[in-house]
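What follows is a short report on a single structure.
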Amino acid sequence: MSNLQVSVYRYNPETDSAPYMQEFQIDTQGRDLMVLNILTMIKDQDSSMAFRRSCREGVCGSDGMNMNGTNGLACITPLSGVVKDNKLVLRPLPGLPVMRDLVVDMGLFYKQYERMQPYLQNDTAAPAIERLQSPEERDKLDGLYECILCACCSTSCPSFWWNPDKFVGPAGLLQAYRFLADSRDNATQARLAELEDPFSLFRCRGIMNCVAVCPKGLNPTRAIGKIREMLLSNAT
Amino acid sequence: MVTNITNLGRSGLSDWLIQRVSAVVLALYALFVVAYLLFHPHLDYATWSGLFAQTWMRIFSLLAFISMAAHAWVGLWTVSTDYLKHTGVRFGFQAVVILAIFVFLVWGVQVLWGA
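Note that the protein sequences, when read in sequence, are chains A and B. Just so we're aligned: 297 in the numbering used here is position 152 of the first sequence, and the numbers increase by one with no gaps anywhere. Just so we're aligned: 152 in the numbering used here is position 91 of the second sequence, and the numbers increase by one with no gaps anywhere.
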């Protein structure tokens, strides 16, 4: 394998009238690098290249992007996992407005997250030390709290593409269930009432794109199903 | 909470339930009709109209028609709110769909009880 052919989405709203794809030749010296390494090498060639990155180990969720058609974190995606025919195509996360190159405006994504009130709500008097949970109650939060809000799931979801202002999206719904399932939270009725309309939760068609791309291996579709069960058993 | 006034059940939960229950009814009806046709390879008009002359078959058929109407409305309402962003265009589409569903439903009743 000689030079890797990398095609990158470029757009600078101050100078470009339309986005375009720019080609780069990257010499990997036969190493199985992470996609983020390739982007750093591209930035060495062209310093105007813009992308987000921070921890480079899949914890901060900054470098979510679309690699050869699949969303994921560039820092923990090895070339061997995405490259086909020695070609790599890098695009910004789909469905969100592009600010520049691979940097998207996450405003709508965060707005839906905020709508789910992702914090513990309990109107009973706080105990002297802390609200206790049994190990079984704590177990219910596994697979929910690990979300890093990289937006790979929500931006791979067609329902979120068409209605990002109304459909909460898999990331927000996973967090909604994280607090619905928490034994210390007692805002359950208000949380469920926020989700019972035809868009907020029910626009999910269960195609599981979110599950397929989640870099943390979480399952938003399962959480959505659990919320649906709660809504159903709560109704008459 | 997103406000909606044009969906069938006024709530996402009831729309979802209507969609699931109507799907089961339609599946049962389809299976029954296919099985009936398979078991009557030389079907003639008298047998076929005799089947629909029975009250239970008329009830089953009407149930399937109503399920089809509800299922189509929930489904096409969803499609229209996904793809038609202009309020006027979307409302026009929804009006045509509901009119068509209404016509087909009345027509279906007429076919069932008209013969």
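Cβ coordinates follow ideal geometry from the N, Cα and C atoms, glycine included.
Rounded straight-line distance, which links the Cα of residue j to that of residue i
i                 : j                 : result
Leu377 of chain A : Leu74 of chain B  : 7 Å
Lys232 of chain A : Arg176 of chain A : 15 Å
Thr139 of chain B : Arg151 of chain B : 11 Å
Gly317 of chain A : Gln257 of chain A : 6 Å
Tyr90 of chain B  : Ala161 of chain B : 22 Å
Glu168 of chain A : Leu184 of chain A : 12 Å
Arg348 of chain A : Tyr154 of chain A : 30 Å
Leu289 of chain A : Ala380 of chain A : 25 Å
Glu281 of chain A : Met375 of chain A : 19 Å
Gln171 of chain B : Val164 of chain B : 11 Å
Phe93 of chain B  : Pro239 of chain A : 44 Å
Asn211 of chain A : Leu99 of chain B  : 50 Å
Gly314 of chain A : Cys302 of chain A : 7 Å
Ser304 of chain A : Asn354 of chain A : 11 Å
Local Cβ density within 10 Å of residue i, reported as buried at 16 or more and exposed below that
i                 : result
Glu202 of chain A : exposed
Tyr106 of chain B : exposed
Asp284 of chain A : exposed
Ser162 of chain A : exposed
Ile120 of chain B : exposed
Thr142 of chain B : buried
Ala326 of chain A : buried
Trp77 of chain B  : buried
Thr222 of chain A : buried
CB-CB length for residue i against residue j, believed under 8 Å
i                 : j                 : result
Leu178 of chain A : Leu224 of chain A : 6 Å
Met193 of chain B : Leu124 of chain B : This structure gives no information on residue 193 of chain B, because the portion of chain B shown stretches from 62 to 176.
Leu218 of chain A : Cys295 of chain A : 6 Å
Ala114 of chain B : Leu69 of chain B  : So it is not a contact: roughly 32 Å between Cβ atoms.
Val151 of chain A : Val227 of chain A : Not a contact, Cβ separation roughly 11 Å.
Leu241 of chain A : Asp250 of chain A : 6 Å
- Task: Below 7 Å between beta carbons is the criterion; list the residues of the segment 343-354 of chain A that meet it against any residue of chain B, in chain order.
- Result: Shown in chain order are the members of the segment 343-354 of chain A whose Cβ falls below 7 Å from a Cβ of chain B: Pro343, Phe344, Ser345, Leu346, Phe347.
- Task: Compile a chain-ordered list of the residues in the segment 74-107 of chain B whose CB is closer than 7 Å to at least one CB of chain A.
- Result: Within the segment 74-107 of chain B, the residues whose Cβ lies closer than 7 Å to some Cβ of chain A are Leu74, Asp76, Trp77, listed in chain order.
- Message: So if I threshold CB-CB distances at 9 Å, which residues from the segment 150-166 of chain B count as touching chain A?
- Response: None of the residues of the segment 150-166 of chain B has a beta carbon lying less than 9 Å from any beta carbon of chain A.
- Message: Could you check whether the segment 339-354 of chain A touches the segment 196-210 of chain A, counting it as contact only if at least three pairs of C-beta atoms, one from each stretch, sit closer than 8 Å?
- Response: Touching, no.
- Message: Against chain B, which members of the segment 217-231 of chain A pass a CB distance test of less than 8 Å?
- Response: Here the close residues number zero.
- Residues of the segment 323-342 of chain A whose Cβ lies closer than 9 Å to any Cβ of chain B, in chain order: Listed in sequence order: Ala338, Glu339, Leu340, Glu341, Asp342.
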